[in-house]
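In the working numbering, the protein residues as written are 173 to 439.
For every residue, glycine included, the Cβ atom is placed at its ideal position computed from N, Cα and C.
To start, the structure itself, in structure tokens.
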Amino acid sequence: MLRHHRLLLGAALSAFCLSCNVISPPPLLPNLARIAPNEPGDTRIMLVVGLGAGIWVDGGVGAELRVESQVNEWATVGGGLSGALNLDHDEPEPGSRRGARDNHPRWLYGLRTWGRFNPGELDWLALKAGAGIAGTNKGTVALTLDGAPLFGHSFEVGGEAGSAPWLVSPYGGPVVALSVPLRQGENIMDQQINFGLGPDMHTTSHMEPIPFTTTFFVGAQGGLAVDAPGAPAWTGALELLTLLGISDTHAAVLLGIATGQGVRVRP
């Protein structure tokens, strides 16, 4: 018996991707910023694009517009709006009774807020927590929660002849997340096959709707953030993310790569 489903992973990515197993949409998790706190008042505005794939998943691309601000010496708050496209989505063949990819969604969207906290104003450890909403064009809506301890260090590069140095900041850490369906929308259709075991028992198949259920995600993320000196100034980052998603009935491995480019400003 094969179960087919679709899931978009936000790109920015989300990473963003689509699944062949029925798991609830995950949050958009990339950090895309250095771990050490910035100066209070610093604000980052960034456009993120990403690519997602994995095991038991289709490929997808997505984008996110995010803004985050350093509110004091140890806390940063931010928010992002994202969308993703299923690259493997196809329309039903003329005359076919089956919907496009058995009713897999073509689009995923997400809205997420987060906080990143440096306990004791540490510059090598940050605790991050986020909450948001994820959904699909088929009417599915889910509440998402996530958390991660992130470790990193910033290195000064350049700065000769009296110029200010650039900051290059590798980082990484484990991540956990939860996606709780609030609205099912249109269910993914699963092909059920019954094999005949004798001359009087024929092989039959039929389509059956599969509901979304609460899904737990665990994985790891790691990346590199680069900040030009001064403000306003360019800021950019590249990040890799891997997640294992487990629902009541299915599991899938999600892989994503995301890059963000933007500007850091200071009032």
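Would residue i pass as a contact of residue j if the rule is Cβ separation under 8 Å?
i    : j    : result
R436 : L339 : no
T308 : S351 : no
G391 : L416 : yes
T414 : G434 : no
E245 : P212 : yes
G232 : L201 : no
A427 : G226 : In the sequence as displayed, the identity of residue 427 is Leu instead of Ala. In contact: L427 and G226 (Cβ atoms closer than 8 Å).
G287 : T248 : yes
G250 : V239 : yes
Can you tell me which of the three DSSP states residue i falls into?
i    : result
A235 : strand
T385 : coil
E332 : helix
E211 : coil
D274 : helix
A423 : strand
I195 : coil
Tell me residue i's beta-bridge partners as DSSP assigns them.
i    : result
R288 : T248 and K300
S359 : For clarity, residue 359 is Asn in the given sequence; the question names Ser instead. Per DSSP, none; premise fails for N359.
P346 : A392
S341 : A397
L257 : V233 and W279
R206 : BP columns for R206 are empty, so no partner.
S241 : T215 and V249
Taking 8 Å as the threshold (beta carbon to beta carbon), is residue i in contact with chain B?
i    : result
G319 : Here there is only one protein chain, and chain B is not present.
Check whether the segment 285-295 and the segment 327-338 are in contact - that is, three or more C-beta pairs closer than 8 Å. no
If you scan the segment 390-419 from start to end, which runs of the beta strand (DSSP E) of 3 or more residues do you find wholly inside it? 405-418
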